[in-house]
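Written out as structure tokens, the structure is:
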């Protein structure tokens with residue numbers, strides 16, 4: 001029997017071990033699947049998105065009255081409201097904290113520069129960056145390693161059916177919020193959009209499983225979601241809310257969850273995701289209005305907290321389209337190069353992280369030190385510029401964010417590179433996107449800033465801290481967009497700020513590879529619908545060019561981490577194989593009425609999650625497949641000691657000993673029941689259990705001659721964990737084996753059939 005029940009066995013990193021342990025069909029496929037979750041190697045397992053329809057479930061569903069059904073539906077909408085409310089509060093506080101924490105650092109440093117105390121200014125800048133990075137890396141490495149990175153690959157894998165330990169715990173949520181604030185404030189070139197998506201998913205997951213018993217945050221009135229399907233839908237809404245809160249883009253957040261995150265979508269879920277994002281938008285707007293009165297600290301003037309960068313009237317003509325086309329091509333090339341280099345750096349970082357926690361923290365500190373030296377030193381190599389005659393804001397900018405940073409310059413002069421570096425990433429984007437600033441930046445400074453951002457965003461992402469990629473990619477794309485605008489000069493009717501917007505869009509398309517959601521996010525970000533045709537054009541071109549080289553960055557990271565994500569399409573070689581070609585054995589089955597000793601032995605000797613239940617004479621005329629039973633349900637039966645003294649069918653009264661919650665799927669952060677936790681006497685071991693009432697009698701089955709590609713389409717579309725394979729000839733055993741997620745992974749298939757690698761070119765041509 002093949003296994004996706006990835007809770008047992010060795011924990012060798014997947015990057016050093018293929019998913020397949022053998023190329024022989026006859027050898028037992030007992031390899032336990034592991035993946036890099038955060039920066040640690042952890043066992044993973046699949047989720048049960050199929051509703052398990054046994055007799056107990058049917059009776060429980062029939063017993064529900066109209067009031068309970070209404071309560072169930074009402075709770076779905078109430079939880080969406082609560083998720084939207086909490087995520088909007090977190091997003092607002094996150095922005096506010098970063099703006100004030102980083103703002104104080106920049107203001108103090110700038111004050112020292114005004115007093116020409118350059119060494120002290122560097123010391124303050126260096127120490128504050130290092131302290132913030134050290135704090136973020138310490139709490140991440142020691143409290144919640146799963147909070148490392150953006151979290152989008154892990155959430156995307158979860159919504160595809162992969163359950164990784166620790167990604168939705170209270171510790172992860174806490175570290176994701178605090179660590180993201182401190183890491184972004186430390187001048188590392190990382191963003192907070194990705195961590196906000198993970199934060200929204202964490203909040204939704206905690207609500208979906210009724211809280212956390214470990215921390216006394218358990219709410220019985222919330223425990224309505226008893227299966228992975230309902231929790232999956234709520235987590236999808238949470239990820240949409242996170243993106244909406246990060247960019248104040250509710251529609252873009254919903255589309256991002258649909259286009260990039262979710263593997264399954266339906267109209268009812270679309271309504272709830274839209275409702276959740278709408279709550280986020282309304283509350284964010286209310287809190288921003290509160291800040292207009294100046295009660296939000298150093299940078300609390302409303303517009304400085306969220307993006308609202310390019311609300312200008314623009315005009316363009318047919319002659320402006322060729323430069324935009326070139327911008328899209330460059331964005332695709334740079335995006336694919338960015339993805340390639342980042343994947344290489346992450347592999348190096350993984351090698352360092354394997355050496356222990358101290359090396360993870362040292363790596364983060366080294367990146368922080370190098371970043372501080374670069375950011376403080378580079379402005380010294382650029383020349384000062386005189387303040388414009390009629391600046392849009394005071395020049396030079398003192399005591400706040402702005403375009404005109406004095407740095408080391410003489411009075412009435414400013415350093416254009418320092419104006420980009422000594423601001424938060426949000427303010428740097430706002431400066432780059434600003435209209436009527438064509439003469440504010442030099443080409444040399446913009447080139448230096450582009451190369452610096454491109455490299456630092458690659459080397460900063462893999463450190464042990466919450467880190468996103470959206471904002472660094474936007475900053476980098478906006479800077480090279482400005483470069484293109486400067487090179488074209490008077491030959492284009494478009495201003496440099498618009499080129500920055502289009503550059504950001506093209507680099508996002510080249511790296512992220514999403515189109516519709518990014519287009520809407522940028523429109524909501526810039527507050528200008530007139531940009532729609534140009535943004536659509538650069539996104540389409542950049543994605544098309546980049547797809548010719550590699551996959552999108554989140555898919556690359558998922559593959560590097562070893563998360564077994566199932567794509568929507570089957571590989572060409574899967575058409576050459578049948579499901580019988582990848583099923584491995586031996587198959588573990590149970591009789592309809594099974595001895596307790598046999599159940600305990602099989603549960604202890606295997607890590608499988610699902611077991612076929614076979615009826616044999618005298619229960620049936622011939623051996624026949626009755627259904628499938630889950631490991632967790634068997635453990636519940638053993639714990640409750642639902643035994644009978646002799647082999648015989650039980651009456652319906654057996655249901656009186658169980659409650660619906662006994663068979664409800666535990667949340668991902670809950671402690672699971674193990675066979676070692678159950679104590680049984682010798683007398684009990686010789687008793688029997690009637691498995692019929694607790695067996696899913698309608699499992700999905702495929703005949704062994706079905707093509708593997710067709711089986712993959714069925715498996716993914718239905719969100720299955722187990723797919724039973726039955727023989728074509730009924731005279732054989734009623735079940736041949738079980739297909740799980742593991743059996744559809746290319747490494748597993750190509751390991752079983754090495755000839756497919758040699759004939760890959762022929763298969764593709766076919």
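In UniProt numbering, the protein residues as written are 1 to 766. Cβ atoms here follow ideal geometry from the backbone N, Cα and C, with glycine treated the same way.
By the DSSP assignment, the beta strand (DSSP E) with residue 35 in it spans what residues? Counting from one through the chain shown, the residue named residue 35 turns up at place 35. For residue 35, the enclosing beta strand (DSSP E) stretches over residues 34 to 37.
Can you tell me which residues form a DSSP beta bridge with residue 624? Looking up residue 624 in the chain shown gives position 624. BP columns for residue 624 point to 615.
Could you compute how far the alpha carbon of residue 798 sits from the alpha carbon of residue 643? Any property of residue 798 remains undetermined from this structure, which presents the chain solely from 1 to 766.
Where the alpha helix (DSSP H) through residue 92 begins and ends: Translated into positions along the chain shown, residue 92 becomes position 92. Its alpha helix (DSSP H) spans residues 66 to 114.
Can you find the residues in the same chain that come closer than 7 Å, C-beta to C-beta, to residue 303, ignoring five residues on each side of it along the sequence? On the chain shown, position 303 is the one that residue 303 refers to. Unreliable placement is indicated for residue 303, whose pLDDT of 39 sits below 50; the coordinate value is still reported in the next sentence. Nothing listed; no residue qualifies.
Starting from the Cα of residue 450, find the closest Cα among 346, 512, 478 and 427 and give me that residue. One-based indexing of the chain shown puts residue 450 at position 450. If we check each option's Cα against that of residue 450, 478 comes out closest.
Going by Cα to Cα distance, which pick from 385, 194 and 404 is closest to residue 394? As a first step, residue 394 is located in the chain shown; it is residue number 394 there, counting from the start. Out of 385, 194 and 404, 404 has the C-alpha closest to the C-alpha of residue 394.
Other residues of its chain near residue 434: CB distance less than 6 Å, five sequence neighbours each side excluded: Here residue 434 refers to the residue found at position 434 when the chain shown is read from its first residue. Excluding sequence positions up to five before and after residue 434, its CB lies within less than 6 Å of the CB of 497, all in the same chain and listed in chain order.
Residue 28 to residue 583, Cα distance in whole Å? Numbered from 1 along the chain shown, position 28 holds the residue referred to as residue 28. Numbered from 1 along the chain shown, position 583 holds the residue referred to as residue 583. Reliability of the predicted coordinates at residue 28 is poor, the pLDDT of 32 falling under 50, and the value obtained from them is presented with this limitation in mind. Between the alpha carbons of residue 28 and residue 583 lies a distance of about 10 Å.
For residue 149 and residue 510, I'd like the C-alpha separation in whole angstroms. If you number the chain shown from 1, residue 149 lands on position 149. If you number the chain shown from 1, residue 510 lands on position 510. Residue 149 and residue 510: Cα-Cα distance of roughly 20 Å.
Tell me, to the nearest whole angstrom, how far the beta carbon of residue 594 is from that of residue 688; I am working on the premise that it is less than 8 Å. Residue mapping note: residue 594 aligns to position 594 of the chain shown, counting from 1. Residue mapping note: residue 688 aligns to position 688 of the chain shown, counting from 1. Contact check for residue 594 and residue 688: beta-carbon distance about 7 Å, within the 8 Å limit, so the pair qualifies.
Taking the alpha carbon of residue 40 as the reference point, which residue from 292, 146, 686 and 100 has its own alpha carbon closest? To locate residue 40, count along the chain shown from 1; it is residue 40. For the residues 292, 146, 686 and 100, the minimum Cα distance to residue 40 belongs to 146.
Per the DSSP calculation, residue 499 is bridged to which residue(s)? Walking along the chain shown from the start, residue 499 turns up at place 499. Beta-bridge pairing links residue 499 to no other residue.
Measure the alpha-carbon distance for residue 686 versus residue 648 and round it to whole angstroms. Along the chain shown, read from residue 1 onward, the residue named residue 686 stands at position 686. Along the chain shown, read from residue 1 onward, the residue named residue 648 stands at position 648. Approximately 14 Å between the Cα atoms of the pair.
List the whole-angstrom C-beta distance separating residue 702 from residue 424, where the pair is believed to meet the contact cut-off of C-beta under 8 Å. To locate residue 702, count along the chain shown from 1; it is residue 702. To locate residue 424, count along the chain shown from 1; it is residue 424. Not confirmed; about 54 Å, so no contact.
With 16 other CB atoms within 10 Å as the buried threshold, where does residue 421 fall? In the chain shown, counting from the first residue as 1, residue 421 sits at position 421. When all chains shown are included, residue 421 counts as buried.
Put residue 464 into one of helix, strand or coil per three-state DSSP. As a working note, residue 464 is residue 464 in the chain shown. Correct three-state label for residue 464: coil.
Can you tell which of 439, 456 and 513 has its C-alpha closest to the C-alpha of residue 487? As a first step, residue 487 must be located in the chain shown, where it is residue number 487. Taking only the C-alpha atoms, the option nearest residue 487 is 439.
With residue 745 and residue 722 assumed to form a contact (beta carbons below 8 Å), what rounded beta-carbon distance in angstroms separates them? Taking the first residue of the chain shown as position 1, residue 745 is located at position 745. Taking the first residue of the chain shown as position 1, residue 722 is located at position 722. That belief does not hold up - the Cβ atoms of residue 745 and residue 722 are roughly 16 Å apart, past 8 Å.
Could you please give me the residues that DSSP links to residue 701 through a beta bridge? For the purposes of this step, residue 701 is taken as the residue at position 701 of the chain shown. DSSP output for residue 701 lists 724 as bridge partner(s).
Could you spell out where the beta strand (DSSP E) holding residue 41 opens and where it closes? Within the chain shown, residue 41 is the residue found at index 41, counting from 1. Unbroken beta strand (DSSP E) run through residue 41: 40 to 43.
If we ignore side chains and look at the alpha-carbon of each, how far apart do residue 767 and residue 531 end up? Only positions 1 to 766 of the chain appear in this structure, which leaves residue 767 out of reach.
With 16 as the cutoff for other CB atoms within 10 Å, does residue 729 come out buried or exposed? Within the chain shown, residue 729 is the residue found at index 729, counting from 1. Label assigned to residue 729: exposed.
Kindly indicate which three-state DSSP category residue 748 falls into: helix, strand or coil? Within the chain shown, numbered from 1, the residue matching residue 748 stands at position 748. When secondary structure is reduced to three states using DSSP, residue 748 falls in the helix class.
CB contact check: residue 489 to chain C, cutoff 7 Å: The question asks about chain C, but that chain is absent: this structure has only one protein chain.
From which residue to which residue does the beta strand (DSSP E) around residue 683 run? As a position in the chain shown, residue 683 is number 683, starting the count at 1. Segment 682 to 685 is the alpha helix (DSSP H) holding residue 683; no beta strand (DSSP E) there.
According to the Cβ coordinates, are residue 570 and residue 709 closer than 7 Å? In the chain shown, counting from the first residue as 1, residue 570 sits at position 570. In the chain shown, counting from the first residue as 1, residue 709 sits at position 709. Their beta carbons are under 7 Å apart, which means residue 570 touches residue 709 by this criterion.
Kindly provide the ranges of any alpha helix (DSSP H) runs that are 4 or more residues long and lie completely inside the stretch 313 to 362, ordered along the chain. Taken in chain order, the complete alpha helix (DSSP H) segments of 4 or more residues contained in the stretch 313 to 362 are 321 to 353.
Per-residue burial, residue 409 [other beta carbons within 10 Å of its own, 16 or more giving buried]: Here residue 409 corresponds to residue number 409 of the chain shown, with the count starting at 1. Around the CB of residue 409, 16 or more other CB atoms lie within 10 Å, so the residue is classed as buried.
Helix, strand or coil: how does DSSP classify residue 280 here? Along the chain shown, read from residue 1 onward, the residue named residue 280 stands at position 280. Helix.
Looking at the strands, I want to know which residues DSSP matches up with residue 630. If you number the chain shown from 1, residue 630 lands on position 630. DSSP lists 610 as partners of residue 630.
If you follow the beta strand (DSSP E) that residue 530 is in, where does it begin and where does it stop? Position 530 of the chain shown, counted from the start, is the residue given in the question as residue 530. No residue range can be given for residue 530, since it is assigned to no beta strand (DSSP E) and is classified by DSSP as neither H nor E.
Using CA coordinates, which residue listed in 261, 430 and 452 is at the minimum distance from residue 370? The residue you call residue 370 lines up with position 370 of the chain shown. For the residues 261, 430 and 452, the minimum Cα distance to residue 370 belongs to 452.
Spatial distance of residue 164 from residue 610 (CA atoms): On the chain shown, residue 164 is found 164 positions in, with the first residue counted as 1. On the chain shown, residue 610 is found 610 positions in, with the first residue counted as 1. Straight-line Cα distance between these residues: approximately 19 Å.
So what does residue 385 bridge to, in DSSP terms? Residue mapping note: residue 385 aligns to position 385 of the chain shown, counting from 1. BP columns for residue 385 point to 414.
When DSSP labels each residue in this structure, what does residue 255 get in the three-state scheme? Numbered from its first residue, the chain shown carries residue 255 at position 255. Judged by DSSP in its simplified three-state form, residue 255 adopts helix.
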